[in-house]
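Numbering (our numbering), first residue to last: 191 to 305.
See the structure below:
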């Protein structure tokens, strides 16, 4: 589902798009279940207004919030550098050990250094 900012971004790249209505809307703290796997929704705006990551017990799917070696761009219509910084702080507050499946690039091991 694309809101106005998503449609504006598509137009920015020369695409005209039609977006069907969503079956469900994801909200902070809601859960998605896929077979035996349950993932928690964490809202991470910045790259786009509706960006989320999906958090499992030992894995996190970051979409375009976090890439292998970079973060999602914040120069698109509807994106926000300030919101991205807040979202990245939220990710830093997660557990020390996760397998990260970023929006682009290879999976990463999330290991925070302390000290």
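Think of the CB as a built atom: it goes at the ideal place given N, C-alpha and C, for glycine as much as any other residue.
Source: prediction; values computed, not measured.
Exposure label - residue i; buried when at least 16 CB within 10 Å
| i | result |
| --- | --- |
| residue 237 | buried |
| residue 203 | exposed |
| residue 296 | exposed |
| residue 227 | exposed |
| residue 243 | buried |
N-terminal and C-terminal residue of the beta strand (DSSP E) that residue i is part of
| i | result |
| --- | --- |
| residue 249 | 249-253 |
C-beta contact flag for residue i and residue j at 8 Å
| i | j | result |
| --- | --- | --- |
| residue 229 | residue 245 | yes |
| residue 262 | residue 199 | no |
| residue 248 | residue 281 | no |
| residue 231 | residue 241 | no |
| residue 291 | residue 251 | yes |
Opposing strand residues paired with residue i [DSSP bridges]
| i | result |
| --- | --- |
| residue 292 | 253 |
| residue 230 | 221 and 245 |
| residue 261 | 256 |
Host alpha helix (DSSP H) of residue i (start-end)
| i | result |
| --- | --- |
| residue 273 | 271-282 |
Original post:
Do the segment 205-213 and the segment 269-279 meet, that is, are 3 or more Cβ pairs less than 8 Å apart?
Top reply: no
Original post:
Between the segment 253-271 and the segment 212-220, are three or more C-beta pairs nearer than 8 Å?
Top reply: no
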